[in-house]
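The sequence shown runs 3 to 354 under the working numbering.
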Amino acid sequence: VQIVRPFAHDTVVERLWSAAREGRLPHALLLEGPEGVGKFVAARWFAAGLLCSEGPGPPCGLCGPCKRVESDNHPDLFAIDPIADGEERIKIDRIALRGDSDGGPEGCLEAFLDLRAMEGGRRCVLVREAHRMNDAAQNALLKTLEEPRPGIVLVLESHRSARLLPTILSRCVRVRLGGLAAEDARRVLDHEGVPAEEARELVRWTEGSPGRALAWRARGAARMLALLDGCLDGSRPPLRVAADLWEVEGEFPGPTPSAQARERARFVLDLVLALARDAARLAAGKTADELPQGDRAAHVTLGSGRSARSALDRLLTCRADVDRNLAPEAVLERALLVLAERGRNMGAPARR
Ligand SMILES: [Zn+2]
């Protein structure tokens, strides 16, 4: 668990430390909000500051506990991190001890809870993307939440908290961490070495989520959007654009080439849907400046009433088809035909 000072959310974390100093820290927290805004970074920072011998407060980085947190070797900190582990789901063996289980304290939350505090103070559990727990894991976690133990604080993090059991939600104090101010998000990207001009666009597109901005960058979003422009202004045939989209360099995770292709199609469809949604918001009276894809969306005319709905519906169907086992190439072509029809039909002026 690396200690990184978050670029945002410091007032929230500060408030939690101060609750801890005053002995009124809840035993279970849920940090929720959009994906990629640094919720887990904040959770780790909070935990480090809770365990620091100068704390609760900003971790000093110098004391024994801070060093142990930094080197991933603090006996009173237990983290379940499916992203680092490359696991799609958090399964029950990460949560509950089972009779025949060999999951020692290394791997299992219950085993960790059964240990005594090694450093005599608080103990902390972090669960990243808690919505990845399957039902069995959630039910096992619920048992832990129902029997809070003194000195233990459980911090769940999630951008899809609706997938958590209502009984889990009701036992957590829910703390909302929102998108970053554009300036803060740009600082994060700058820190990651993204050139300023590119960062400016990415931040706008992803609405204050530097994590998403970096993912979009890795996936070649800028190039893809430029290709979609050609589809909208009619300067390139939609099927040609569809073919070009497969050639854009980008990282699409997946165990097999076909899983990666599906992931790419999913991403392109999400871009197309973002355009279509902003077109709908423009039609509803928003101005282009307020919207992440406002400039581009100004070239999409969804029409009104039934025809607008049907264009959006068709795109949503395409998006759903990618998740079914339909050939992603064919789905993408269909979506681009819808987009081209919506751009050209209304006589959108050529871009650039
Ligand atoms: Zn310290």
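Idealized CB from N, CA, C, for every residue including glycine. Bear in mind that the values here come from a model prediction, so they are computed numbers and not experimental data.
Task: Beta carbon nearer than 7 Å to a non-hydrogen atom of ligand 1 - done: Having a Cβ closer than 7 Å to some heavy atom of ligand 1 are CYS54, SER55, GLU56, GLY57, PRO61, CYS62, GLY63, LEU64, CYS65, PRO67, CYS68.
Task: With 16 other Cβ atoms within 10 Å as the buried cut-off, status of ARG344 - done: buried
Task: Secondary structure of ARG100, DSSP reduced to three states - done: coil
Task: Residue burial classification, GLY232 (beta-carbon count within 10 angstroms, cutoff 16) - done: Burial call: buried.
- [ ] Would you kindly work out how many angstroms separate the C-alpha atoms of ALA313 and SER163, rounded to a whole number?
- [x] 30 Å
TODO: Pull up the DSSP beta-bridge partners for ALA30, would you.
DONE: Bridge partners of ALA30: LEU156.
- [ ] Mark ASP12 as exposed unless 16 or more other C-beta atoms lie within 10 angstroms of its C-beta, in which case mark it buried.
- [x] exposed
- [ ] Kindly indicate which three-state DSSP category ILE82 falls into: helix, strand or coil?
- [x] strand
Open item on the list: Is the separation between the beta-carbon of PRO77 and that of ILE5 shorter than 7 Å?
Closed with: For the 7 Å CB-CB criterion, PRO77 and ILE5 do not form a contact.
Open item on the list: Determine whether the beta carbon atoms of GLY181 and GLY213 lie at a separation below 7 Å.
Closed with: Between GLY181 and GLY213, the C-beta gap is not smaller than 7 Å, which leaves the two residues out of contact.
Open item on the list: Please classify VAL243 as buried or exposed, where buried requires at least 16 neighbouring CB atoms within 10 angstroms.
Closed with: VAL243 is buried by the Cβ-count criterion.
Open item on the list: At the level of alpha carbons, what is the spacing between ILE170 and ARG178?
Closed with: 16 Å
Task: CYS65 - containing beta strand (DSSP E), residue span - done: Note, CYS65: premise wrong, no beta strand (DSSP E); not H, not E.
Open item on the list: Is it buried or exposed, PRO35, if we count other Cβ atoms within 10 angstroms and call 16 or more buried?
Closed with: In the sequence as presented, Pro is not what sits at residue 35; that position holds Gly. A buried status is given to GLY35, since no fewer than 16 other beta-carbon atoms sit within 10 Å of its beta-carbon.
Open item on the list: Is the separation between the beta-carbon of ALA138 and that of ILE94 shorter than 7 Å?
Closed with: yes
Open item on the list: For a quick check, are the C-beta atoms of HIS133 and ARG165 less than 7 Å apart?
Closed with: yes
TODO: Please list, in chain order, all residues of the same chain as GLU265 whose beta carbon is under 7 Å from its beta carbon, the five residues on each side excluded.
DONE: PHE254, PRO255, GLY256
Open item on the list: Is the beta carbon of GLY153 closer than 7 Å to that of ARG173?
Closed with: Cβ atoms of ARG173 and GLY153: not closer than 7 Å.
Task: Status (buried if at least 16 other CB within 10 Å, exposed otherwise) for ASP280 - done: buried
Open item on the list: When you compare the CB positions of GLU112 and LEU99, do they come within less than 7 Å of one another, or not?
Closed with: yes
Task: Burial state of ASP116 (16 or more Cβ within 10 Å) - done: exposed
- [ ] Tell me, to the nearest whole angstrom, how far the beta carbon of VAL250 is from that of ARG219; I am working on the premise that it is less than 8 Å.
- [x] 12 Å between Cβ atoms; not a contact.
Task: Coil, strand or helix - LEU241 by DSSP - done: In the displayed model, LEU241 falls within a helix according to three-state DSSP.
Open item on the list: Comparing C-alpha positions only, which one of LYS145, PHE114, ILE85 sits nearest to ARG130?
Closed with: Per the Cα distances, ILE85.
TODO: Kindly indicate which three-state DSSP category ARG206 falls into: helix, strand or coil?
DONE: helix
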